[in-house]
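**Student:**
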Amino acid sequence: MTDFVAILYIVAFALFIYGLMGLTGPRTAVRGNWIAAVGMGIAVIATLLTPGMGNWLLIVLGVAIGAVVGVPSARKVKMTAMPQMVALFNGVGGGAVALIAWVEFNSTDGYAHEPAYIAIASLFAAIIGSISFWGSNVAFGKLQELISGRPITMGKLQQPVNALLLLIALACAVIIVAGGDSGFLIVGLLVAAGILGLTVVLPIGGADMPVVISLLNAFTGLSAAAMGLALDNTALIVAGMIVGASGSILTNLMAKAMNRSIPAIIAGGFGGGPAVASGGPKEARPVRSTSAADTAIQMAYASKVVVVPGYGMAVAQAQHTVREMAKLLEKKGITVEYAIHPVAGRMPGHMNVLLAEADVPYEQLKEMDEINSEFAQTDVALVIGANDVTNPAAQTDPSSPIYGMPILKVNESRSVIVLKRGMSSGFAGIDNDLFYDPKTSMLFGDAKSSVGEIVEELKAL
Amino acid sequence: MSPLVQNLAVLVLAGFVGFAVISKVPNTLHTPLMSGTNAIHGIVLLGGLVVLGLGVDGVFNKILLVIAIAFGTINVVGGFLVTDRMLSMFKAKKPAPGEEEEK
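Chains A and B are the protein sequences, given in the same order. Under numbering that gives the first Met the number 0, think of the first position of the first sequence as 0, with each following residue one higher. Under numbering that gives the first Met the number 0, think of the first position of the second sequence as 0, with each following residue one higher.
Following this line, the structure appears as structure tokens:
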């Protein structure tokens, strides 16, 4: 590496850090993102200026394929599908690391003439990268609902199998470092780590997926940093490590918001899998259903309405209609606020993004701690496609798999109207007692058309 | 000081920078932030560029690296674009007409 390239790298990661600092505030975030992107551009150009670069055709080919695949998919993806898109982009990053490590192995005859630390760093990157690639693809499949969101477990075999896979991967690594140069070793390592990625993520329930994506994001960062050590490339080390550190913090924050510990999530299943079925007695409990007209009247005579948006609203793309409804209510002098659970949607902040898209004023978005004390003064709580985050069992029923998870205390408001397609359980697969509360009435149907009907009724009033 | 030790020093310091910068982000921006950091670890693209550009033997290795570069590019380009789309939702309510509007 020449000094010139090294200096450009320093400029690049100064821009990364400055850009990330920008991402900490809504005002500076857009600029921050572009500053980081410029940093990335400089880092790429610097690398291409490294003396002795060749194989230009192949490089252009690779970049072109990546751009052709990446740009349209990033442009077209719906806002609701963002989490799985992040999972996918994260996965390919991990995959890239694993592939580079594979090539390193092949082209150095199993690190024959390299110092041990290079072999160790490169193999570490290979294991983590492979786990991240396959794990992220499962996460994508679950969120995209290509794979069942329910935990898929092997029961008691789960932990031994995972431990065995990890051992196989590590054993391959140890043999390689000790001098093994058979191509089967590296393939065995990548395959074992890949299967480990699958078996670790498959048993995790869909509700925990954001935490997993965040964790895999941190993993990919670490694997990039390790690859940087192996390749003696400062840019990789710095950028990878920053992502590794930030991803760990973010993972922790998300897990805290859901009152789940990271080890418990990784150990698999929501509350261990079988507990998912224990939704209490399954006899048909009475549910009150209501109509759009009644809902409109009830809200029109309220003085305070709190909207509790959930993933159902996001899927139905109802945020604009909800905003319209809120405007009508505000015209009647009714206070409208939005209660945002930290993990509403499928990731922290996801719901804020969607509501901001519909021009909901920032001040009306209330975080959980702030709004929970206000439910007692709320006349109508309108729950739109949210389920698990409103389930009072999280506070009252120690046998519930989500016991201890912080919830929005919707059941404290004077009346509750739940907009929902049907009586199916939520993402965590648990029955919700809120629906059977005498104060609760259900408005069945697609969230968007239901809210649309309410808007019509409000206009007619 | 060997290159390993130098690199380890950089590694440790970068870790602390990551902690310091990130711990101040408001809840609302967590998803965009995750997406932004996701884009940054697309830096692995450089690894692919270096290894391929400085020369490897064998068609198989070259194929692997082209795939790795394609993956890295998807990570970088997709990551920054998606982050930008998320963040544009938080923009001030009166953007200059015609500018930054989606397509």
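All C-beta atoms in this analysis are idealised placements derived from N, C-alpha and C, irrespective of residue type, glycine included.
I'd like to confirm the pairing. Which residues does DSSP put opposite Phe374/A in its beta bridges?
**Tutor:** Phe374/A pairs with nothing; no bridge assigned.
**Student:** Excluding the 5 residues preceding and the 5 following Ala111/A in the sequence, name in chain order all residues of the same chain whose CB lies nearer than 7 Å to its CB.
**Tutor:** Correct list, in chain order: Asp180.
**Student:** Any beta carbon from chain B within less than 8 Å of Phe139/A's own beta carbon?
**Tutor:** No, Phe139/A lies away from the interface with chain B (no Cβ there is under 8 Å from its Cβ).
**Student:** Based on the DSSP output, what are the partners of Phe104/A in its beta bridges?
**Tutor:** DSSP output for Phe104/A lists no bridge partner at all.
**Student:** Is the beta carbon of Leu19/A within less than 7 Å of some heavy atom of the ligand FMN?
**Tutor:** Absence of the ligand FMN is noted for the structure shown, with no ligands found whatsoever.
**Student:** In chain A, which residues lie with their C-beta within 8 Å of the C-beta of Val49/B?
**Tutor:** What Val49/B touches in chain A: Thr46, Thr49, Leu230 and Asn232.
**Student:** Work out the CA separation of Glu329/A and Ser87/B for me, nearest whole Å.
**Tutor:** Using only the alpha carbons, I get a separation of about 26 Å.
**Student:** What residue does the alpha helix (DSSP H) around Thr82/B start on, and which one ends it?
**Tutor:** Start and end: Gly78 to Ser87.
**Student:** First and last residue of the alpha helix (DSSP H) that includes Ile41/A?
**Tutor:** Segment Ala28 to Leu47, the alpha helix (DSSP H) holding Ile41/A.
**Student:** With burial defined as no fewer than 16 other Cβ atoms inside 10 Å of the residue's Cβ, what is the status of Gly17/B: buried or exposed?
**Tutor:** Answer is buried; the Cβ neighbour count reaches 16.
**Student:** Pick from His340/A, Asn390/A, Tyr17/A and Gly384/A: whose alpha carbon is nearest that of Gly444/A?
**Tutor:** Answer by Cα proximity: Gly384/A.
**Student:** Can you tell me the Cα-Cα spacing of Ser147/A and Leu188/A, whole angstroms?
**Tutor:** About 28 Å.
**Student:** Tell me the rounded alpha-carbon separation between Asp461/A and Val382/A.
**Tutor:** Outside the shown range of chain A, which is 0 to 460, sits residue 461/A, and nothing can be said about it.
**Student:** Using beta-carbon positions only, say whether Ala224/A and Gly243/A come within less than 8 Å of one another.
**Tutor:** Cβ atoms of Ala224/A and Gly243/A: closer than 8 Å.
**Student:** So Gly46/B and Gly53/A are in contact, right, with Cβ under 8 Å, and what is the actual spacing, rounded?
**Tutor:** The pair is not a contact, with the Cβ atoms about 16 Å apart (cut-off 8 Å).
**Student:** Taking 8 Å as the CB-CB limit, is Arg149/A close to chain B?
**Tutor:** No, no contact with chain B.
**Student:** Shortest alpha-carbon distance to Phe15/A belongs to which of Ala38/B, Val9/B and Gly77/B?
**Tutor:** For the residues Ala38/B, Val9/B and Gly77/B, the minimum Cα distance to Phe15/A belongs to Ala38/B.
**Student:** Taking only beta-carbon positions, decide if Val4/B is within less than 8 Å of chain A.
**Tutor:** Answer no: the Cβ-Cβ gap between Val4/B and chain A never drops below 8 Å.
**Student:** By the criterion of Cβ-Cβ separation under 8 Å, what are the contact partners of Val81/B in chain A?
**Tutor:** Here the neighbours are Ala73, Val76, Met81, Met84, Val85 and Phe88.
**Student:** Just list the alpha helix (DSSP H) runs in the segment 181 to 228 of chain A, keeping only unbroken ones of 4 residues or longer that don't cross its boundaries, in chain order.
**Tutor:** Those alpha helix (DSSP H) runs which fall completely within the segment 181 to 228 of chain A and span 4+ residues are 182 to 200.
**Student:** Quick one, which residues of the segment 216 to 227 of chain A are near chain B if we go by CB-CB under 7 Å, in chain order?
**Tutor:** Listed in sequence order: Asn216, Thr219, Gly220, Ala223, Ala224 and Met226.
**Student:** Taking C-alpha atoms, which residue in Ala115/A, Ser135/A, Ile58/A and Ser72/A lies nearest to Gly94/A?
**Tutor:** Checking every option, the nearest Cα to that of Gly94/A belongs to Ser135/A.
**Student:** Among the residues of its own chain, which have a CB less than 7 Å from the CB of Ala291/A, if the five just before and after it don't count?
**Tutor:** For Ala291/A, where only same-chain residues beyond five positions count, the Cβ hits under 7 Å are Leu442, Ser449, Glu452, Ile453 and Glu456.
**Student:** Candidates Val417/A, Asp108/A and His319/A: which alpha carbon is nearest Thr439/A's?
**Tutor:** It is Val417/A.
**Student:** Where does Thr79/A land, buried or exposed, given buried means 16+ other C-beta within 10 angstroms?
**Tutor:** Buried: at least 16 other Cβ atoms inside 10 Å.
**Student:** Does Arg259/A pass the burial test, meaning 16 or more other C-beta atoms within 10 Å, or should it be called exposed?
**Tutor:** Per the 10 Å Cβ criterion, buried.
**Student:** Quick one: give me the first and last residue of the beta strand (DSSP E) that Glu336/A is part of.
**Tutor:** Run containing Glu336/A: Thr334 to Ile339, per the beta strand (DSSP E) assignment.
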